[in-house]
Amino acid sequence: MSRQLTGRVVIATHNAGKLREMRELLAPFGVEAVSAGELGLPVPAETGHMFAENAGIKAHAAAKATGLPALSDDSGLCVAALDGAPGLFSADWAVGGDFRGAMERVERELQKRGATTPERRRAYFISALVIAWPDGHEELFEGRVHGQVVWPPRGDRGFGYDPMFLPDGRDRTFGETDAQEKHGIDWTAGRDGALSHRARAFVDLAQACLTRA
């Protein structure tokens with residue numbers, strides 16, 4: 001049986017963009033969110049081989065350090081023509097936080113493989129959300145959104161690889177999509193009413209562990 005998440009929760013991230021998105025998603029539920037970065041917690045080594053494993057590592061480390069429930073996201077861009085890269089290493093490709101450089105690397109690798117048509121540039125974003133409690137209990141939720149990578153990048157909204165990702169059925173990249181549209185959720189439609197991978201995972205999390213304020 002899923003546990004209810006109430007009161008204060010640690011968002012196990014030092015990423016300002018990810019923290020902003022998580023706070024927007026949690027806002028309707030009356031949960032007070034504080035980040036690992038704000039608390040000065042160290043960044044644990046992400047030694048997992050799956051997104052869910054790395055999300056769990058971060059969430060359990062924050063829960064153990066603070067005595068509070070902790071919520072962690074591990075997410076990335078997986079490009080089919082690059083055998084799923086950058087994938088787990090999406091952040092590592094952005095050396096020093098330079099995601100423009102990371103996007104340029106994705107494009108260079110696609111050009112090397114002759115992946116210049118939309119059907120050769122298929123990709124998806126994935127988000128694994130883990131809530132961990134200090135006693136070791138955890139809950140896992142995952143969401144994906146499929147689309148293609150485009151070049152040049154378009155838009156200055158969002159963060160990370162958003163400007164080069166065009167979700168299926170849309171004519172604007174995530175970088176051209178405002179936060180309300182990207183993260184807004186039609187609760188009558190469930191996860192189908194959410195656009196982003198993180199919002200889709202969050203729908204399942206909310207339905208299992210949260211109550212609207």
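Numbered per the numbering used here, the sequence shown spans residues 1 to 213. Idealized CB from N, CA, C, for every residue including glycine.
Fewer than three beta-carbon pairs drawn from the segment 62 to 69 and the segment 112 to 120 are found closer than 8 Å, and the two stretches are therefore not classed as touching. The beta-bridge partner set that DSSP reports for residue 146 consists of 124. When Cβ pairs closer than 8 Å are counted between the two stretches, the segment 122 to 131 is seen to touch the segment 190 to 204, the count reaching three or more. The straight-line gap separating the alpha-carbon atoms of residue 160 and residue 17 is approximately 8 Å. Annotated three-state conformation of residue 152 is coil, per DSSP. In the assembly as shown, residue 177 is a buried residue. Its beta-carbon has 16 or more other beta-carbons within 10 Å. Residue 34 has its alpha-carbon roughly 30 Å from the corresponding atom of residue 146. Per DSSP, residue 198 lies in no beta strand (DSSP E) segment; the continuous alpha helix (DSSP H) that holds it begins and ends at 197 to 209. Beyond the five residues adjoining it in sequence on each side, residue 22 comes within less than 6 Å, by CB distance, of 11 in the same chain, given in chain order.
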